[in-house]
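For the sequence shown, counting from 1, position 73 maps to 155 in my numbering; every step adds exactly one.
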Amino acid sequence: MDVRVFQFNGCNKCFNETILLKGESKYKVEFIQDPQNWKEEKTDVSVITGFLLPENKDVLNKIKKNSEKVIAYGNCTTTGGIFALANQKGHEVSPLNKIIGDSISINSCLGEIEELKLEIEEIDLPNLKNLCIVCGRRKTCDYLDDVKRQIDLEDTETCFNDLGYLCNGFVSKECKERCIDYNAPCRGCKPIIERSGIRMLGMFGTLMGNFEVATEHSEKGATDKLADKDDDVTERLPDIVGNFFRFTLPTSGLPKGRIPSNGTLLEDVFTGRLIEELPLISGLLGGDHSISLTLKIIETYEEANNIEVSEQTKKYRNDLIKLENELQKVIQSKDPDQYKKITEEIRKIAGNMNLSNLFFGGFRSKIDENDNFEDYKTHVFDVVEGTYKNGSVEFTIDPTGIVKEIKIKEGYA
Ligand code: SF4
Ligand code: SF4
Ligand code: SF4
83 MDVRVFQFNG
93 CNKCFNETIL
103 LKGESKYKVE
113 FIQDPQNWKE
123 EKTDVSVITG
133 FLLPENKDVL
143 NKIKKNSEKV
153 IAYGNCTTTG
163 GIFALANQKG
173 HEVSPLNKII
183 GDSISINSCL
193 GEIEELKLEI
203 EEIDLPNLKN
213 LCIVCGRRKT
223 CDYLDDVKRQ
233 IDLEDTETCF
243 NDLGYLCNGF
253 VSKECKERCI
263 DYNAPCRGCK
273 PIIERSGIRM
283 LGMFGTLMGN
293 FEVATEHSEK
303 GATDKLADKD
313 DDVTERLPDI
323 VGNFFRFTLP
333 TSGLPKGRIP
343 SNGTLLEDVF
353 TGRLIEELPL
363 ISGLLGGDHS
373 ISLTLKIIET
383 YEEANNIEVS
393 EQTKKYRNDL
403 IKLENELQKV
413 IQSKDPDQYK
423 KITEEIRKIA
433 GNMNLSNLFF
443 GGFRSKIDEN
453 DNFEDYKTHV
463 FDVVEGTYKN
473 GSVEFTIDPT
483 GIVKEIKIKE
493 GYA
């Protein structure tokens, strides 16, 4: 079976993951990194990866015309994904089915290769459970007195929402990457229902004691707050859009924001987010540079604020950088066995390919059963206003810890 995989814009992690298709002799796989110059050819299956912009419409229609089946693989392509957060600042990231009409969607960030194989072979996907059903934490659904922003690692049994950390597990399907297993709350990359962000907002509102929710334009037309006036919710949980609609903004039904752009599309994704969310965002969208991008952001802040990290933390971080270099070579050679081996090693340290285990001060969960976790356990850090810079990454945060501006050297995503 002929399978053509196309990489459009931004993070190339889903594209790279399709190297694993080459491990199956039944597929004849071709990788197309420059779709705009693709020579039109008929194919059985076209797999689309990366986020999509209006200028990609013509070539996407050509792909549709020449393919028996078109599959959108990964959230960037199915819902606009995390890059669509930049739509608040005037960009036009769109889901594939809004551009070419119906297509098959494999949601999640990173897209799950097992689901892609099933779709290619027209085998029904398993009936997946709600993420909460398979989560090791347990819900009590008591009213919340307080919303918290940083995870306290001492309690590993109670539901994140009950502890005051927003977790989108209520509205997500069971998934492969399982951020929740690495002390990172779910951000909802694999929605189980339509308009999952609005539903989650309602649920969190109920836990908080039924605050009023009005998703309106602000005076400036922004969507990054709940109503014209700052209310209790926006004060306690800033970055509503980034928290509830991280992967689904174009399909959320929220009014389109018109906040002025701060820079490139990538920079506009980060601006307005919380400092403690930066590793979770850079871990997703840095493509084959996501490890170095995430560590640069973390280490820049640590150094400026004298956050000491242990020797064991440094060792694991160095191992990850070496693995990223090896991964980049394997991506060139497209060797599926090597790709599998190296990504498994990355997962062992970083938790998953979303790098959920990386954080300020150390790691969120234990890496090796022989380790003493106290040696490299992350800790709650103070938010310190300022500008942080180390050459390829520079960001400014305000007194509440919101990123006001960020500059990222070309080459990352
Ligand atoms: S950001 Fe996520 S969905 Fe988009 S290409 Fe990267 S891994 Fe895939
Ligand atoms: S909301 Fe999150 S932490 Fe709570 S049970 Fe569901 S997945 Fe687990
Ligand atoms: S736990 Fe992580 S990978 Fe799983 S659905 Fe939530 S955000 Fe996605």
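For each residue, glycine too, the CB sits at the ideal point set by N, CA and C.
Quick one: grab the DSSP three-state call for residue i.
i	result
I484	strand
R399	helix
E492	coil
P320	coil
I130	strand
Q89	strand
R444	The sequence shown places Gly at residue 444, not Arg. In the structure shown, G444 sits in a strand (DSSP, three-state: E or B).
N143	helix
S176	strand
S254	strand
K221	coil
L356	strand
D457	helix
N212	strand
Between the Cα of residue i and the Cα atoms of the options, which residue gives the shortest distance?
i	options	result
A154	D140, S190, S278, N243	S190
C158	G92, E150, V152, N98	G92
E492	L375, L178, K422	L375
R328	N209, R355, E112, D417	R355
R249	K258, R281, E276	Here residue 249 is Cys; the residue named in the question, Arg, does not match the sequence. That would be R281, whose Cα lies nearest to the Cα of C249.
G251	D244, T238, T240, N212	N212
N132	L103, P177, K104	Correcting the residue type first, residue 132 is Gly in the shown sequence and not Asn. Among L103, P177, K104, the Cα nearest to that of G132 is on P177.
N344	Q115, E197, D227, I488	I488
C214	L226, I188, S254, E236	S254
Y421	N94, C96, L102	L102
E137	H173, G163, L167, T125	H173
V485	N388, V462, E359	E359
With a 10 Å radius around its C-beta and 16 neighbouring C-beta atoms as the bar for buried, classify residue i as buried or exposed.
i	result
I231	Note on residue identity: the sequence assigns Arg, not Ile, to residue 231. Result: buried.
V85	buried
H371	buried
C223	exposed
S128	buried
N209	exposed
S364	buried
N407	exposed
Residues in its own chain within less than 6 Å of residue i by CB, not counting five upstream and five downstream?
i	result
N119	none
S438	C261, Y264, A266
I186	I153, E201
K110	D84
C271	N157, S190, C191, F329
K146	V152, I182
What are the boundary residues of the beta strand (DSSP E) that residue i is part of?
i	result
A154	149-155
G468	468-471
V111	110-114
F477	475-479
S185	Segment: none, S185 is in no beta strand (DSSP E) and carries neither H nor E.
Note the first and the last residue of the continuous alpha helix (DSSP H) segment covering residue i.
i	result
T288	278-289
V351	347-352
F242	242-245
E426	418-432
S372	372-386
L437	Here L437 belongs to no alpha helix (DSSP H), and DSSP marks it neither H nor E.
Kindly list the residues whose CB is nearer than 8 Å to the CB of residue i, restricted to its own chain and excluding five residues on each side of it in sequence; keep chain order.
i	result
N472	K378, E381, T382, E385
L405	I373, I424, E427, I428, I431
D321	D306, G354, R355, L356, E359, I484
Here's a check: name, in chain order, each residue in its chain whose Cβ is nearer than 7 Å to the Cβ of residue i, leaving out the five neighbours to either side.
i	result
E99	L192, G193, I195
P117	F88, F90, V141
S392	G444, D457, Y458
V216	E256
R399	L377
N143	I182
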